[in-house]
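**Student:**
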Amino acid sequence: MTTSYQRDDSLDSAAEFTENVESRETLGKVFEILFLLGLLIGIFVLALLLFDIFRDGLARFLTPGFLTETPSRFPDQGGIRPAIVSSILLGIIVILVTVPVGVGAALYLEEYAPKAWWTVIIEINISNLAGVPSIVYGLLGLGVFNYLLGFGPALISGALTLSLLSLPVIIVTAREAIRAVPDSLRNASYGLGVTKWRTISSHVLPYAIPGILTGVIISVSRAIGDAASLIVVGAVGFLTFNPGLFQRFMALPIQIYSYITRPEPGFANAAAATIIALLLLILVLNGIAIYIRQRFSIR
Numbered sequence: 001m002t003t004s005y006q007r008d009d010s011l012d013s014a015a016e017f018t019e020n021v022e023s024r025e026t027l028g029k030v031f032e033i034l035f036l037l038g039l040l041i042g043i044f045v046l047a048l049l050l051f052d053i054f055r056d057g058l059a060r061f062l063t064p065g066f067l068t069e070t071p072s073r074f075p076d077q078g079g080i081r082p083a084i085v086s087s088i089l090l091g092i093i094v095i096l097v098t099v100p101v102g103v104g105a106a107l108y109l110e111e112y113a114p115k116a117w118w119t120v121i122i123e124i125n126i127s128n129l130a131g132v133p134s135i136v137y138g139l140l141g142l143g144v145f146n147y148l149l150g151f152g153p154a155l156i157s158g159a160l161t162l163s164l165l166s167l168p169v170i171i172v173t174a175r176e177a178i179r180a181v182p183d184s185l186r187n188a189s190y191g192l193g194v195t196k197w198r199t200i201s202s203h204v205l206p207y208a209i210p211g212i213l214t215g216v217i218i219s220v221s222r223a224i225g226d227a228a229s230l231i232v233v234g235a236v237g238f239l240t241f242n243p244g245l246f247q248r249f250m251a252l253p254i255q256i257y258s259y260i261t262r263p264e265p266g267f268a269n270a271a272a273a274t275i276i277a278l279l280l281l282i283l284v285l286n287g288i289a290i291y292i293r294q295r296f297s298i299r
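Following UniProt numbering from start to finish, the sequence shown increments by one per residue and tops out at 299.
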């Protein structure tokens, strides 16, 4: 009798387990469809926006001189050369400032900093800073770089402000990439008598560079496309010369904002053409970073 009862219990347990598996698979399929639907909706909206932008701005973008001439007060004349030069300089300075500082801070927090209460506070603050609106960084840059350091509304002030905007994202992503390096790699290096810094520079950093570059791509793309902080710092919407580091400057987002606020209908097409130029600039920078990341991934 005991054997028959045990057999019945095992059959009931197997049937219940089968029902649970089937219900979980069904629920998984439902969520898979919902997630796919969300992806398709996002792609559809993006396609509509790109179609509208290229429909309005492609003809103006292909106009001779649009990328090589200075702006004009007439919608069908002039170009966006100062804005392109400014955006490229802003992106280069942001990379030169944020990558060494951000990666260095991430290395210190992950590899050197003790597990103490003050490091926990620093980590929480860095994570919170990654979500602060860009206009707050603009106010910080206005007070520190424009007035305290005396740079004024110059390109260097805008670049350093965008660097502050990008730093938290780079630090967070770099820490995650460094944390993902297997401890066995470090222990093997230490077992051979290699110093800590030599282990980090020769093994940890090369292994983490693909993840670090992902954060750099995200942060620099956000910085180049940001307008709020640059408006606060003092970027202008009209220049007739290529700016220097300590001169007034433009940027492609500011140029777009300037065109959109003008009432003449032709400026809407010029704004769409400038958006195309900004998209291409971001794609080029992302392509370079992705190529470097893939090279390091292969190594």
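Even for Gly, the Cβ is constructed at its ideal location relative to N, Cα and C.
Bear in mind the structure is a predicted one, so any value in this text is a computation, not a measurement.
Three or more C-beta pairs under 8 Å: does that hold for the stretch 189-205 against the stretch 279-293?
**Tutor:** No contact exists between the stretch 189-205 and the stretch 279-293.
**Student:** I need the boundaries of the alpha helix (DSSP H) containing T240, first residue and last residue.
**Tutor:** Careful: T240 lies outside any alpha helix (DSSP H) and carries neither H nor E.
**Student:** Which complete alpha helix (DSSP H) runs does the stretch 248-286 hold, if anything under 4 residues is left out?
**Tutor:** 252-260
**Student:** Does the distance from the CB of I282 to the CB of G225 come in under 8 Å?
**Tutor:** yes
**Student:** For Y5, count neighbouring C-beta atoms within 10 Å of its own C-beta (all shown protein chains included) and say buried if the count is 16 or more, exposed if not.
**Tutor:** With a pLDDT of 49 at Y5, under the threshold of 50, the predicted position of this residue should be treated as unreliable, though the coordinate-derived value follows. Looking at its Cβ environment, which holds fewer than 16 other Cβ atoms inside 10 Å, Y5 is exposed.
**Student:** Name the residue from P265, A271, R248 and P253 whose alpha carbon lies nearest to the alpha carbon of Y259.
**Tutor:** A271
**Student:** Under a three-way DSSP split, which group does Q77 fall into?
**Tutor:** coil
**Student:** Following a CB-centred definition, is P100 positioned closer than 7 Å to any heavy atom of the ligand NAD?
**Tutor:** The ligand NAD is not part of this structure, which contains no ligands at all.
**Student:** Can you tell me whether DSSP reads L205 as helix, strand or coil?
**Tutor:** Correct three-state label for L205: helix.
**Student:** Tell me the DSSP secondary structure of residue 323 in three-state form.
**Tutor:** Residue 323 lies beyond the range of the chain shown here (1 to 299); nothing can be said about it.
**Student:** Considering just the uninterrupted stretch of the alpha helix (DSSP H) at V136, what are its terminal residues?
**Tutor:** For V136, the enclosing alpha helix (DSSP H) stretches over residues S134 to G141.
**Student:** Three or more C-beta pairs closer than 8 Å, one from the stretch 39-57 and one from the stretch 238-254: is that the case here?
**Tutor:** no
**Student:** Taking all protein chains shown into account, decide if F61 is buried (16 or more other Cβ within 10 angstroms of its Cβ) or exposed.
**Tutor:** buried
**Student:** Could you give the C-beta distance for D52 and N269, rounded to a whole number, given that I count them as a contact under 8 Å?
**Tutor:** No, D52 and N269 are not in contact; Cβ-Cβ is about 12 Å, not under 8 Å.
**Student:** Just to confirm my understanding: we take E111, look at its own chain, exclude 5 residues before and 5 after, and list those with CB closer than 8 Å. What are they?
**Tutor:** I178, K196, I200 and V204
**Student:** Go through its chain and collect everything with a Cβ distance to M1's Cβ below 7 Å, but skip five positions before and after it.
**Tutor:** Low local confidence applies: a pLDDT of 48 at M1 is under 50, so the model's placement there is unreliable, and no value is given.
**Student:** Tell me the rounded alpha-carbon separation between D183 and Y190.
**Tutor:** 11 Å
**Student:** Quick check: the stretch 59-75 against the stretch 130-143, are there 3 or more CB pairs under 8 Å?
**Tutor:** These segments do not touch.
**Student:** Run the CB neighbour count on G244, radius 10 Å, all protein chains shown included, and call it buried at 16 or more, exposed below.
**Tutor:** exposed
**Student:** Identify the continuous alpha helix (DSSP H) that holds E123 and give its terminal residues.
**Tutor:** W117 to L129
**Student:** Beta-carbon separation of L252 and L278 under 8 Å?
**Tutor:** Taking 8 Å as the cut-off, the beta carbon of L252 is found closer than this to the beta carbon of L278.
**Student:** Quick check on this structure: which residue in R186, P265, I33 and L160 has the alpha carbon closest to the alpha carbon of V101?
**Tutor:** L160
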